[in-house]
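Contents: one structure, followed by commentary.
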Amino acid sequence: MTVTATDTGTRALSARARSLAEDSAEWLHRVRLDPQGRWYERLHADADHEVWIISWLPGQSTGFHDHGGSAGAFAVVLGELEEAVPGAARTLEGGQVRGFGGHHVHDVRNVSGAPAVSVHVYAPPLSRMNRYDLDENGELVTLRSESAEEW
Ligand SMILES: [Fe+2]
33 MTVTATDTGT
43 RALSARARSL
53 AEDSAEWLHR
63 VRLDPQGRWY
73 ERLHADADHE
83 VWIISWLPGQ
93 STGFHDHGGS
103 AGAFAVVLGE
113 LEEAVPGAAR
123 TLEGGQVRGF
133 GGHHVHDVRN
143 VSGAPAVSVH
153 VYAPPLSRMN
163 RYDLDENGEL
173 VTLRSESAEE
183 W
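All letters in the sequence shown, in the order written, are residues 33 to 183 by our numbering.
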């Protein structure tokens, strides 16, 4: 399945992430584990969307961030991940998919005791990400903005 400019809604992105996860035999051999931090590789990029695979050792996390206005979806392929938003968190297990719109802010983390692998789709391709912390009231505080050239 391909995602075109006309169907890059969250549902299409979720379907793309699910499809990539189901075809993990095509790309799983690329995955590495890095004790220094999350390992990631861009699997695909075109004008409409991009795909990243990420591995997570226990304790590795993104920190709170947005996606610079891009919508996205990610699927857990192996292990499990926790997605936190301010005030709430949910666990995603292998085979589960989470789609989100262009204003979504989350912290994705491996709080389990085993490695995890996930596949992420963003449309349009990521150009900027803003990083946040939580203040004492649980409100988001902007830390900094990163452009695509920085990662
Ligand atoms: Fe994210």
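Ideal placement from N, C-alpha and C gives every residue a C-beta, glycine not left out.
The DSSP-derived three-state label of HIS61 is helix.
DSSP, read as helix, strand or coil, puts THR123 in strand. Rounded to whole angstroms, the separation of the alpha carbons of HIS135 and LEU45 is 15 Å. Here SER150 is buried, its C-beta having at least 16 other C-beta atoms within 10 Å.
Counting every other CB atom within 10 Å of its CB across the protein chains shown gives SER179 a total below 16, marking it as exposed. Between ARG50 and VAL108, the alpha-carbon positions lie close to 9 Å from each other. Following the DSSP letters along the chain, one finds THR174 inside the beta strand (DSSP E) bounded by residues 172-179.
In the DSSP assignment, GLU112 falls within the unbroken beta strand (DSSP E) covering 112-117. GLY126 sits away from ALA105, with the two beta carbons spaced by 7 Å or more.
In the DSSP secondary-structure assignment, ALA107 is bridged to VAL129 and VAL151.
Here the C-alpha atom of THR123 lies approximately 4 Å from the C-alpha atom of GLU114.
Residue burial annotation: ALA53 is buried, with at least 16 other C-beta atoms found within 10 angstroms of its C-beta.
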